[in-house]
């Protein structure tokens, strides 16, 4: 807005001119008496001029303060004006020899003084959210009225041109003040629009979305955009929450300029998709990579799901940026009003829960439902219980044997287990999802490493030279502190790095390839063995097998299950084993559930096997008993057992653990 000093100065000048014009007009009849040369007449004229100056100064003072501080000055100016009217009226009576002591003019003068005193003691409270308008034009309105009165009455009095000139100048100042207010209102409209618009993308922002939802949900907006036929019911509409997947990786890899360009391109795609739907809507950016869409006429689940699918499909084609060509993906949660919420908070929460359900389940578009609420609540409760379990050391570690195909025990995989006080044993798939979502996996990894390496240290001191495999999650693989954690754990238990195998899944590697690969290389420099778990279920390319410093491949149980009786499965597994050996890596087959599968894998030259048929997960006490059995093969190093197996089945096989 314009400098407040300009506004105050203009109001002050206008008020002063108006007061001077009115006062000079009011006392002009007395000027004719000055010609008589009477001392009394001259004194009366001077007294009238003093009152005129007081009125002019009072109106000018009102103009010289901002509108939010003007109230006490208006009261004082009114008091001065009332007193001046009474005093000038007395002067007229004296001049016309009609003055009577104790008339109503004395009461009027006292009232003026009382108003002035009251205004002087009034608090100068600041008005909040002062907006230019009629209130700000108070001085100009009063001044213009006085000027018009002077111009209308001056001819009948036959006065000199001074009052008329002052009145015309007053109207000029009032016109300038009105133009200034109109300019301020125009700028205010622009600022208001900017306050409701996302600066980067040009769509509505969070504030605009909230205001729009409040209008839609308000039963007072009967005929505009709210309820339907005036019966107080909210007209159905839909809210979609959209969250771009892996947007942070774009910022981290290509920089924030690329991220901003991607957001603008995504908004263009979303806008085009919404325009094709031909339904009233509002697209808003909530911040970061989150967006929301309000669909006014989405009166059914199918229509809402179709709109959500259209938004998702708008990103199918790659987006070309200066830095790269990217495939953007989005998770979308949908909620219906009033079914899923009749107020803004409930509706936003419903759409937000549905969006997170889409993100965690791998679905593109999810409609809010009781199941979504139940799953979200259960996940949150599981996470809270998991925090407590870690603090109370309620988690346990079980060990599943890893053997050669001739059943020689060469290692163990540490598997975390949780026996809940009320729910009993909780399946890992249930609590690890909550752990990943609420970032508890690092604490679990720290716990498992501590327990597993402590047990391994005792076993190796007792003369059992087996190795230990430990899984780490996708979030742990992106956490730079995981390398220090592994190194510290090995150091505390006086273990060589080569006795530990860190297992990471294909999906964890590909979630953020750049950071994940960097962590894998850092772990390799530490000296631990590295294994790709669940190989065959993700999208790891052969190029990555060449680039990554791996030691073994762990074939997924879904591929292993059919080797006993399915020719296609046997062909895939055999080819994968040959490829693994050709790369100098070791092959571990998990999910060996029967003797036929074990026999088939032995014939293919698989290095190591794992599954219920060769050993179930068991507590440390049972695993110690297993190690004590004479047939366990516990005294053979993994390298020795594998070499014996290779000699018996595949003399040419060469994959070994790195020393």
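Residue numbers (the numbering used here): -16 to 642.
Glycine is no exception: its CB is placed at the ideal position from the N, C-alpha and C atoms.
Keep in mind the model is a prediction, meaning the values are calculated, not measured.
Problem set entry | Endpoints, the alpha helix (DSSP H) within which residue 587 is located | 578 to 587
Exercise. Sorted by chain position, which residues of the same chain lie with C-beta nearer than 8 Å to residue 262's C-beta, five sequence neighbours on each side aside?
Worked result: 278, 279, 280, 281 and 290
For this session: Identify whether residue 361 lies in helix, strand or coil by the three-state DSSP scheme.
Result: helix
Exercise. Cβ-heavy atom distance between residue 361 and the ligand NAD below 6 Å?
Worked result: Although the ligand NAD was asked about, the structure shown includes no ligands whatsoever.
Problem set entry | Nearest neighbour of residue 675, chosen from 560, 380 and 270 [CA to CA] | With the chain covering only -16 through 642, there is no way to say anything about residue 675.
Problem set entry | Element boundaries [alpha helix (DSSP H), containing residue 460] | 457 to 460
Problem set entry | Buried/exposed call for residue 549, threshold 16 Cβ in 10 Å | exposed
Problem set entry | Other residues of its chain near residue 486: CB distance less than 6 Å, five sequence neighbours each side excluded | For residue 486, same chain residues with a beta-carbon under 6 Å away, outside a window of 5 residues either side, are 452, 454, 514 and 516 in chain order.
Exercise. Just the Cα atoms here: how many angstroms apart are residue 616 and residue 393?
Worked result: Any answer about residue 616 is weak, because its pLDDT of 47 lies below 50 and its placement is not dependable; what the coordinates show is given next. Cα to Cα, residue 616 sits roughly 8 Å from residue 393.
For this session: Using three-state DSSP, classify residue 226 as helix, strand or coil.
Result: strand
For this session: Excluding the 5 residues preceding and the 5 following residue 589 in the sequence, name in chain order all residues of the same chain whose CB lies nearer than 7 Å to its CB.
Result: 388, 560, 570 and 572
Exercise. Taking Cβ to Cβ, would you say residue 169 is nearer than 7 Å to residue -7?
Worked result: Taking a C-beta distance under 7 Å as the contact criterion, residue 169 and residue -7 do not qualify as a contact pair.
Exercise. What is the DSSP secondary structure of residue 662, reduced to helix, strand or coil?
Worked result: As shown, the chain starts at -16 and ends at 642. That puts residue 662 outside it, with no answer to give.
Exercise. Of all the beta strand (DSSP E) runs that stay within the bounds of the region 221 to 283, which reach a length of 3 or more residues?
Worked result: 264 to 270 and 273 to 278
For this session: Give the straight-line distance between the Cα atoms of residue 593 and residue 437, rounded to the nearest whole angstrom.
Result: 22 Å
Problem set entry | Buried or exposed by the 16-neighbour rule on C-beta atoms within 10 Å, applied to residue 405 | exposed
Exercise. From residue 598 to residue 224, what distance separates their C-alpha atoms?
Worked result: 47 Å
Exercise. Looking at the structure shown, is residue 407 part of a helix, part of a strand, or coil, going by DSSP?
Worked result: strand
For this session: Below 7 Å CB to CB, which residues in the same chain sit around residue 310 once its five sequence neighbours on both sides are set aside?
Result: The answer, listed in chain order, is 301.
For this session: Within its chain, find whatever has a CB closer than 8 Å to the CB of residue 632; leave out the 5 residues flanking it on each side and keep chain order.
Result: At residue 632, the pLDDT of 41 sits below 50, so the modelled position is not reliable and the matter cannot be decided from this model.
Exercise. What separation, rounded to the nearest whole angstrom, lies between the Cα atoms of residue 105 and residue 91?
Worked result: 21 Å
For this session: Look at the Cβ atom of residue 1, then the Cβ atom of residue 153, and state whether they are nearer than 7 Å.
Result: yes
Exercise. Which residue spans inside the region 443 to 483 form an unbroken beta strand (DSSP E) run of at least 3?
Worked result: 450 to 454
Exercise. For residue 470, which option in 551, 505, 538 and 610 has the closest C-alpha, if you only look at C-alpha atoms?
Worked result: It is 505.
For this session: Might you give, ordered along the chain, the residues of its own chain that have their beta carbon closer than 7 Å to the beta carbon of residue 370, omitting 5 neighbours on each side?
Result: 423
For this session: Could you work out which residue in 518, 478, 67 and 132 is closest to residue 511 when comparing CA atoms only?
Result: 478
Exercise. Relative to the C-alpha of residue 500, which residue among 258, 529, 197 and 386 is closest?
Worked result: 529
Exercise. Between the region 440 to 447 and the region 398 to 414, do at least 3 Cβ pairs fall closer than 8 Å?
Worked result: no
For this session: Give the DSSP-derived three-state secondary structure of residue 300 in the structure shown.
Result: coil
Exercise. Among residues of its own chain, excluding the 5 on either side of residue 259, which ones have a beta-carbon nearer than 8 Å to its beta-carbon?
Worked result: 293
For this session: Measure the CB-CB distance between residue 542 and residue 567 and report whether it falls below 7 Å.
Result: no
Exercise. Going by the beta-carbon positions, is the gap between residue 135 and residue 157 smaller than 7 Å?
Worked result: no
For this session: Go through its chain and collect everything with a Cβ distance to residue 372's Cβ below 7 Å, but skip five positions before and after it.
Result: 378 and 401
For this session: Take residue 350 as the anchor and find which of 361, 362 and 337 has the nearest alpha-carbon.
Result: 337
Exercise. Thinking C-beta only, is residue 187 closer than 7 Å to residue 265?
Worked result: yes
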